[in-house]
Structure formats: C-alpha cells, structure tokens
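Sequential numbering of the sequence shown, starting at 1, is according to the UniProt record's numbering.
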Amino acid sequence: MQAILDAIGSGFLSVMGFIGLNADLMDRYGLRFLDGVWVTLKLVVLSVFLGALLALPLAVARVEGGKFLARASFVYSYFFRGTPLLAQTFLIYYGAGQFREQLTDIGLWWFFRDAFNCALFTFTLNTAAYQSEILRGGIQSLPAGQMEAAQSLGLSRVLAYRKVVLPQAFAVGLRPLGNELVLMIKSSAIASVITVYDLMGVTRLAFSRSYDMEVYLWAAALYLIMVEIVRRVWDVLERRLNRHMLVSR
C-alpha cells in the first residue's frame, strides 16, 4: 500500500507541476490530501475485498441455489444495484442511529457509530451485488460440459467449482471486475457526505478554508492517478491470466 501511495504522490506532483502548482496551498494541505488518499484506498480495498467474499456465495446461489436461494440472491442484487449508493449510505449511517439502543444491547453500536465503518459496510454490500452479477455471468458463460467433465473425473460439485468453474469464471469476468473497482474508487467520494475524511472529504475541507477551486483540480488529478494505476495493473493481470487465450489466437 505504501508503494501505491508513493506512486500516487509522485504522479500527483508531476501533474500539478505541469499545470502550475500553488506552492502555498500545497504547503498547507498537501499532507492532508495524502491522508485522504490513504483513507480512500483503505475504504475501497477493504470494501471490494469483503464484497468479493460475499459475492461468491451470492453468485453460486443464483446458479445452483434452487428457487428460494436464487430468488433471495436476485432480490439482494436488484435492490443494491437499483438504488443509489448515496441513499444506501444515508439509510445505514442515519438509520443506525434510530436503533441505537437495540444495537447497543447486541454490542454493535461501537461499529455503527463510526462514519468510516458505516461507509465500509454500505460499500461492501453495494459492490457485492455488482460482483455477484459479474461472477454469475462468468459461470453461466462456461459450457455445461466443464462441470460434467470435472464430475466424470471424480470431483465433487464443490471441488469442481473450486478447481474448474470459478477460476475460469474469474478470468472471464476480470475486465468487468476491474471496471467495478474503478467505479468504487470514484463512488467512494460519497463517503465525504457522512463526515469521512477521504480524498473528497479533505478536498471539501480545504476549499471551505481557502476558497480556492484549485483543490478540486488536485482531487481530480489524484482520482485520475488512482484509476490509471488500477487500469495498468488490470492490463497486466488480464494478459497473465488469459495468456492461454492469446496464444490460441
């Protein structure tokens, strides 16, 4: 993570030096912006990772879960993909306060009273819905013979998914998963509206004190650098994981 921060910092200074950096403004808020980048990265990485863990059973439930589990998974995905992330964030952040006594009784208020935790929880649920649909599409795009061949070799259905189906589904869905990661980086700015001092939260704070629109240009440059790093990393992953397809062409 520190290497990513260093890359973002050096890229940011290069971009801002090219367009003409306000040195005084940078002296006052430069470190705060890097802190905001760190919070954004932490929020995005944790939510995408936890969302992936939740997306896996949701995707399998859509394909293999029978009528009840498949419908329950569909309703979950439909709700979180069909409603705005901002509304979901408000619902959890402000809604948790309505149940403070109940959450205190079950020992969960410590989690929901923290704005960062509420944003993390919301983003995890949201990205899990999108990732589950990507994985479901990847699984259903594979020929049925893949599962039949694995089972003919003596693999159980669980092992067949683990060894044969899911690795191919991940490879098929790699590019859409990368797009989801990019979207989460940009959507993470929503966390600033519930007092999380991520990159956009720090930007709003700096603007409220300086009234200099340049700080929003800084934020745009930093988001662009993060997205570009993800794009380049994903290009490398796609070439490595799908190199057998490139050779076959």
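Glycine residues also receive a C-beta, built at the ideal position from the N, C-alpha and C atoms.
- Taking C-beta atoms as the reference points, residue 63 and residue 134 fail to come closer than 8 Å.
- When the alpha-carbon of residue 242 is set against those of 26, 168, 103, the nearest one is in 168.
- Taking residue 181 as the centre and dropping the five residues before and after it, the same chain places the C-beta of 44, 48, 230, 234 closer than 8 Å to its C-beta, in chain order.
- Taking 8 Å as the cut-off, the Cβ atoms of residue 55 and residue 73 do not count as close.
- Between residue 195 and residue 216 the beta-carbon gap is near 19 Å, outside 8 Å, which marks them as no contact.
- Under the three-state reduction of DSSP output, residue 195 falls in the coil class, being neither helix nor strand.
- Considering only 240, 28, 118, 77, the residue with the shortest C-alpha distance to residue 188 is 118.
- Under the three-state reduction of DSSP, residue 113 is assigned to coil, being neither helix nor strand.
- Two segments are said to touch when three or more pairs of C-beta atoms, one from each, lie closer than 8 Å; by this definition the region 121–135 touches the region 80–87.
- Annotation for residue 75: the continuous alpha helix (DSSP H) segment containing it runs 66–82.
- Shown here, residue 156 sits in coil according to DSSP, grouped into three states, outside any helix or strand.
- For residue 178, the CB contacts under 6 Å within the same chain, skipping 5 residues up- and downstream, are 234 in chain order.
- When DSSP states are grouped into helix, strand and coil, residue 242 belongs to the coil group.
- Burial is judged here by how many other beta carbons sit within 10 angstroms of a residue's own beta carbon; residue 211 has fewer than 16 and is exposed.
- The alpha-carbon of residue 115 is positioned some 32 Å away from that of residue 70.
- The beta carbons of residue 190 and residue 226 sit about 16 Å from each other, so the pair does not count as a contact at 8 Å.
- Residue state for residue 139 is assigned as helix, using DSSP reduced to three classes.
- Membership of residue 96 in the alpha helix (DSSP H) is indicated by the continuous run 85–98.
- Under the 10 Å beta carbon count, residue 131 is surrounded by 16 or more other beta carbons and is classified as buried.
- Here DSSP, grouped into helix, strand and coil, assigns residue 106 to coil.
- Take residue 96, set aside five residues on each side of it, and the residues of its chain with a beta-carbon closer than 6 Å to its own are 112, in chain order.
- In this structure, residue 36 sits near residue 201, with a CB-CB distance shorter than 8 Å.
- Close CB contacts of residue 51 within its chain, under the 6 Å cut and outside five residues either way in sequence, are with 124, 127, 128, 131 (chain order).
- A residue is called buried once 16 or more other Cβ atoms fall within 10 Å of its Cβ, and residue 24, having fewer, is exposed.
- For residue 184, the enclosing alpha helix (DSSP H) has its first and last residue at 174–187.
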